[in-house]
Amino acid sequence: MTNSDKSKYEWLQHLSQPERYPLTDIDECATNPCKNGASCINGQNKYTCTCAGGWQGTNCDLGMLTRYLTKVTPS
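Listed below in structure tokens is the structure:
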């Protein structure tokens, strides 16, 4: 086994021991990524914004185009 192979083996062995590096989930909503009155739902290494009416996009920062239909009657 070469020194390089030994080093790779030791690194992989080290990574296979999760108790040495416990994974901690952070609260992605703590930075208030959701805009315009949206609610933030924290997930495992992600967040989801539930947009208020009239907003869309990952962070609810894109206004939605609203279409208005007008009935035109002949005079």
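Taking the UniProt record's numbering, I'd label the letters of the sequence shown as residues 1 to 75. Ideal Cβ positions, reconstructed from N, Cα and C, are used throughout, including at glycine. Computed from a prediction, not measured in an experiment: that's the story for all the values here.
- For CYS29, the secondary structure class from DSSP, reduced to helix, strand or coil, is helix.
- Taking the CA atoms as reference points, THR24 sits about 13 Å from ASN42.
- About 14 Å separates the Cβ atoms of ASN32 and ALA52, ruling out a contact at the 8 Å cut-off.
- Within its own chain, the residues whose Cβ lies closer than 7 Å to the Cβ of CYS29, once the five positions on either side in sequence are excluded, are CYS40, ASN42 and TYR47, listed in chain order.
- Ranked by Cα distance from CYS34, the options LEU65, GLY57, ILE26 and VAL72 are led by GLY57.
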